[in-house]
Structure formats: C-alpha cells, structure tokens
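S.K.:
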Amino acid sequence: MKVYWPLIAVTVLGVSVAFMFMDPAPPKEIRFAAGSPGGAYHAYAERYQRLLQEQGVKVDLLDTAGSVENLRLLDDGEADVALVQGGLASDRDREQLRSLGGLFPEPFWVFVRSDSDVRGFEDLRAKRFAIGGQGSGTRTLALQLQGEFGGTWPASSQLTPSGTAAADALLAGEVDAAAFAASLEAPYVEKLLRSPDVRLVPFPRAEALARRQDALSAVTLLRGVVDIGKDIPSTDVPLVAPVAQLAVRKDLHPAIEALLIDSAVAIHGDGSLLSAAGTWPNPDATDLPLSGQARRYYKNGPTFLRRYFSFGWANFLDRAWVLAIPLLTLLFPLVRAAPPIYRWRVRRKIYVWYKDIRELEGRGRSSPTKEERERILKELEDLQEEI
1 MKVYWPLIAV
11 TVLGVSVAFM
21 FMDPAPPKEI
31 RFAAGSPGGA
41 YHAYAERYQR
51 LLQEQGVKVD
61 LLDTAGSVEN
71 LRLLDDGEAD
81 VALVQGGLAS
91 DRDREQLRSL
101 GGLFPEPFWV
111 FVRSDSDVRG
121 FEDLRAKRFA
131 IGGQGSGTRT
141 LALQLQGEFG
151 GTWPASSQLT
161 PSGTAAADAL
171 LAGEVDAAAF
181 AASLEAPYVE
191 KLLRSPDVRL
201 VPFPRAEALA
211 RRQDALSAVT
221 LLRGVVDIGK
231 DIPSTDVPLV
241 APVAQLAVRK
251 DLHPAIEALL
261 IDSAVAIHGD
271 GSLLSAAGTW
281 PNPDATDLPL
291 SGQARRYYKN
301 GPTFLRRYFS
311 FGWANFLDRA
321 WVLAIPLLTL
331 LFPLVRAAPP
341 IYRWRVRRKI
351 YVWYKDIREL
361 EGRGRSSPTK
371 EERERILKEL
381 EDLQEEI
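Read in the numbering used here, the sequence shown has 247 at position 247, and its numbers run on one by one without any break.
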C-alpha cells in the first residue's frame with residue numbers, strides 16, 4: 001500500500017487543480033421581474049417559478065409596473081430574468097441583455113364602452129383613455145400608435161390606470177376606453193371580451209401598422225374563437241401585436257438559461273387561440289440578441305445529459321468533464337509505472353539491509369548455544385517485518 005501513496009497524492013493534487021478550472025455552479029436562487037400582480041406576465045412568471053423550484057432553483061418574483069421597468073431592473077442588475085414586450089429594447093439593453101426567444105404574441109387590445117361612438121383608434125383622441133402606467137409596455141406602445149395617427153392627443157387620452165385597475169375602471173364607466181398589451185390568457189382581457197358592457201376596437205390597418213413598426217405583427221382574433229356557443233367575438237377582429245420575450249442578463253449562468261428554455265417550451269409550446277402548437281418559443285421573434293445557450297438549444301435541442309438526468313446531476317456532469325483530462329493524464333502513466341516502482345522499492349530495501357542480513361547469518365552459523373541462535377532468529381524476524 002505504501003508504494004501507492006505517491007500515486008494517490010499526485011492524483012488528488014491533479015483533481016484539486018482541475019476543480020479550480022471547473023465552471024462555477026449555477027445559482028440556487030434567481031430574481032424574476034414579473035410585472036404587476038393579476039397581469040398575464042405575473043401569471044406566467046408564477047408558472048416559471050413552480051417549474052424551476054421543482055428543479056431546486058428558488059425564484060423570487062419582483063412585482064413591477066411592466067416591461068419598461070423590467071428592462072431597467074435587468075440593466076441595473078436588480079433582476080436576472082424578466083418577461084418583456086418586444087420593441088422596447090434600447091442600445092443599452094442590447095449590450096447588457098440577451099433573449100431566450102419570443103414566447104407569445106401580445107395583442108394590443110383597446111376596449112370601449114358598448115354604447116361608445118368610437119369606431120377606430122383615431123376616434124379615441126377626445127376620450128378618457130387609460131393607456132397604462134409609467135414603466136409599462138402598454139403605455140409605450142399606445143404612445144407610439146398615437147404618434148402614428150398624428151395630431152394632438154390631450155392628457156385625458158393618456159391616463160395611467162393599467163391592468164386589472166384599468167379594466168375595472170372601464171366597466172365602472174370611470175374611463176371611456178382602456179388599452180392592454182397582453183396575452184389572450186390575461187384574466188382581465190378574457191373578462192372584458194365576455195362582458196356585454198364593452199366591445200373591442202378593431203385595427204383595420206393592422207398590416208400597414210406592422211409594416212411601419214418592426215416590433216409589431218398583424219394578428220386576427222377569429223370569430224367565435226373565445227366562445228363558439230356565444231359567438232365571441234361575433235366577427236373577425238384585426239389587431240396588432242408585439243411579441244413577449246424572455247430576457248436575461250448576459251452573465252446569467254448557462255445552466256439556468258437552459259432550464260428557463262425547458263420551462264418556456266413546457267409553458268408556451270402547446271399553442272393558444274392565436275397560434276398553432278409548436279410556434280412558440282421562437283428564436284427569431286425577438287429584438288434582443290439571442291444568447292449562445294439559446295442558439296444551441298433551438299438548433300440541437302436539450303443536451304444528452306439533460307435528456308436523461310435531473311437538472312442537478314446533468315449540470316454537475318456537464319461541469320465535471322474537465323476533471324477527466326487531468327485524471328487520465330496522471331493515472332495512465334502512474335498506473336503503468338507502479339509495478340516497476342514497487343520492484344525498485346523492494347530491491348532498495350533488500351540492498352539497504354543486505355549487510356545486516358549477512359552479519360546475522362554469519363553469527364547464526366557460528367553461535368555455540370541454542371539461546372543465541374533463537375535470539376538471532378528473532379532479530380531476523382524483526383528485520384523481515386521492517387523490510
């Protein structure tokens with residue numbers, strides 16, 4: 001066993017050095033800018049939270065005013081991941097942030113009271129129009145569209161209620177119109193679509209607006225798609241829609257990025273009333289640079305390890321491959337050298353003690369008494385044990 005101690009020591013040293021070059025482990029906790037409670041973003045963020053926590057990653061949800069604030073939190077390092085509306089990214093955002101793909105279209109819904117004389121977006125100029133709070137993607141998009149239609153838009157057409165509060169204000173008659181950039185699954189959107197007291201404003205020039213605004217696409221809410229039996233909506237409704245995307249800081253651990261994309265596929269891959277299954281997530285529907293991890297994932301799918309191992313084991317094995325190189329480099333020559341080294345050590349011990357052995361042998365041959373010979377035999381046994 002003694003001969004193998006140098007082998008073991010060198011191997012341990014090699015492994016220790018290799019550990020220094022291993023990629024760092026992914027964080028056990030991340031911060032998710034989730035939007036306002038009750039909104040579609042927040043509901044989706046809660047689903048991401050559940051899926052990631054099943055894999056041992058704690059997700060802290062941060063309540064925000066919307067996409068603009070989400071981007072700011074990411075830029076300032078106060079959040080690690082967020083859902084953000086397409087078309088809002090600045091040059092600073094593109095420098096510091098990365099996208100994991102577009103997730104779903106967010107139609108720009110504009111609702112008015114059923115008895116309103118509004119027929120198109122341009123008719124909202126003189127109305128009490130709730131376009132969302134400061135920091136929300138809805139407000140930013142509404143202001144862009146007001147600019148597209150031109151003219152003067154008074155302060156009364158740029159009120160700040162948003163989300164559930166704006167929907168409730170519209171139903172209560174406190175505002176004449178309300179806008180939302182949200183998925184069809186947003187609770188307040190479905191509530192308004194089913195309410196007889198309000199109606200949806202169409203965008204007949206949706207295709208033209210999409211051509212003029214790169215972040216927008218034209219979508220159609222098909223007749224009866226919300227409720228066939230009640231014929232909701234009662235006609236096809238053309239709309240414009242930005243795309244919600246999953247944005248992360250560019251220094252987020254790649255393993256967390258992969259876990260987020262896995263979750264995105266599970267959450268958004270089945271399609272919706274506005275898109276077919278398999279359409280989302282989409283690596284091309286984003287205005288932020290796609291992360292390297294996301295690019296590999298969309299090209300090749302999950303890694304071999306992620307297909308067959310849990311997140312924790314897959315991540316460890318993926319990082320631990322670096323240990324194999326020094327281990328094999330050290331072990332192969334050392335194992336081959338072990339037998340010669342062992343023989344050399346045995347022979348060296350024999351050579352060192354050879355003189356003493358010869359002396360004891362001579363004394364044993366010339367010993368006149370039995371007691372003397374027994375003492376010499378005892379010395380030989382002790383010497384053999386030491387060798």
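We put the beta carbon where it would ideally sit given N, CA and C, even for glycine. Remember, predicted model here, so these are calculated numbers, not experimental data.
Residue 206: buried (16+ other C-beta within 10 angstroms of its C-beta) or exposed?
M.R.: By the neighbour-count rule (16 or more Cβ atoms within 10 Å), residue 206 is buried.
S.K.: Consider the Cβ of residue 247: report whether some Cβ of chain B lies at a distance smaller than 8 Å.
M.R.: Although the question refers to chain B, the structure presented lacks it and comprises just one protein chain.
S.K.: Rounded to whole angstroms, what is the Cα-Cα separation between residue 99 and residue 255?
M.R.: In a straight line, the C-alpha of residue 99 is about 15 Å away from that of residue 255.
S.K.: Can you check whether the CB of residue 85 is closer than 8 Å to the CB of residue 169?
M.R.: The answer is no: Cβ separation not under 8 Å.
S.K.: Leaving out five residues on either side along the sequence, give the residues of the same chain with a beta carbon under 8 Å from the beta carbon of residue 277.
M.R.: Cβ within range, chain order: 269, 270 and 271.
S.K.: Please return the same chain residues whose Cβ sits closer than 7 Å to the Cβ of residue 293, not counting the five positions on each side in sequence.
M.R.: Correct list, in chain order: 254, 257 and 258.
S.K.: Take residue 96 as the anchor and find which of 28, 290, 51 and 44 has the nearest alpha-carbon.
M.R.: Closest by alpha carbon: 290.
S.K.: In this structure, does DSSP put residue 279 in helix, strand or coil?
M.R.: In this structure, residue 279 counts as coil in the three-state DSSP scheme.
S.K.: With a threshold of 8 Å, are at least 3 pairs of Cβ atoms found where one atom belongs to the region 128-147 and the other to the region 294-301?
M.R.: Taking 8 Å as the limit for Cβ pairs, the verdict is that the region 294-301 does not touch the region 128-147.
S.K.: What is the rounded straight-line gap between the Cα of residue 260 and the Cα of residue 227?
M.R.: Approximately 32 Å between the Cα atoms of the pair.
S.K.: Measure the beta-carbon distance from residue 285 to residue 240 and round it to whole angstroms, keeping in mind my assumption that it falls under 8 Å.
M.R.: Not confirmed; about 14 Å, so no contact.
S.K.: Is the beta carbon of residue 177 less than 8 Å from the beta carbon of residue 111?
M.R.: Yes; because the gap between Cβ atoms is below 8 Å, this pair is in contact.
S.K.: Are residue 103 and residue 266 close, meaning C-beta to C-beta below 8 Å?
M.R.: No, these two residues do not count as a Cβ contact at 8 Å.
S.K.: In the DSSP assignment, what residue or residues form a beta bridge with residue 238?
M.R.: 220, per the DSSP bridge assignment.
S.K.: From residue 215 to residue 273, what distance separates their C-alpha atoms?
M.R.: Spanning the two alpha carbons is a distance of roughly 21 Å.
S.K.: Along the chain, where does the beta strand (DSSP E) that runs through residue 205 open and close?
M.R.: Neither: residue 205 is in no beta strand (DSSP E) and is coded neither H nor E.
S.K.: Nearest-angstrom Cα distance between residue 55 and residue 262?
M.R.: Cα to Cα, residue 55 sits roughly 11 Å from residue 262.
S.K.: Name the DSSP bridge partner or partners of residue 59?
M.R.: Looking at the DSSP assignment, residue 59 forms a beta bridge with 30.
S.K.: According to DSSP, is residue 231 part of a helix, a strand, or is it coil?
M.R.: Coil at residue 231, not helix or strand.
S.K.: How many Å lie between residue 37 and residue 208 at the Cα?
M.R.: Their backbone Cα atoms lie some 34 Å apart in a straight line.
S.K.: Give the C-beta separation of residue 113 and residue 173 to the nearest angstrom, bearing in mind that I take them to be a contact with Cβ-Cβ under 8 Å.
M.R.: Contact holds; Cβ gap of about 7 Å.
S.K.: When the Cα atoms are used, what is the spatial distance from residue 136 to residue 66?
M.R.: In a straight line, the C-alpha of residue 136 is about 4 Å away from that of residue 66.
S.K.: Quick check on residue 90: buried or exposed, where buried means 16 or more other Cβ atoms within 10 Å of its Cβ?
M.R.: Residue 90 is exposed by the Cβ-count criterion.
S.K.: In this structure, how does DSSP classify residue 285 when only helix, strand and coil are distinguished?
M.R.: Reduced to three states, the DSSP call for residue 285 is coil.
S.K.: Under a three-way DSSP split, which group does residue 119 fall into?
M.R.: Coil.
S.K.: To the nearest angstrom, how far is the alpha carbon of residue 73 from that of residue 79?
M.R.: Going by the C-alpha atoms only, they are around 5 Å apart.
S.K.: Ends of the beta strand (DSSP E) at residue 90?
M.R.: No beta strand (DSSP E) holds residue 90; DSSP gives it neither H nor E.
S.K.: Out of curiosity, what's the CA-to-CA distance linking residue 232 and residue 31?
M.R.: Taking the straight line from one Cα to the other gives about 38 Å.
S.K.: Locate the alpha helix (DSSP H) running through residue 113, then write down its first and last residues.
M.R.: Not the alpha helix (DSSP H): residue 113 falls in the beta strand (DSSP E), residues 108-113.
S.K.: Mapping the DSSP letters down to three states, classify residue 293 as helix, strand or coil.
M.R.: Three-state DSSP puts residue 293 in a helix.
S.K.: Near residue 44, which residues of its chain fall below 7 Å by C-beta distance, leaving aside the five closest residues on each side in sequence?
M.R.: 83 and 267, listed in sequence order.
S.K.: Inspect the beta-carbon positions of residue 105 and residue 275 and report whether they are closer than 8 Å.
M.R.: Cβ distance < 8 Å, so residue 105 and residue 275 count as in contact.
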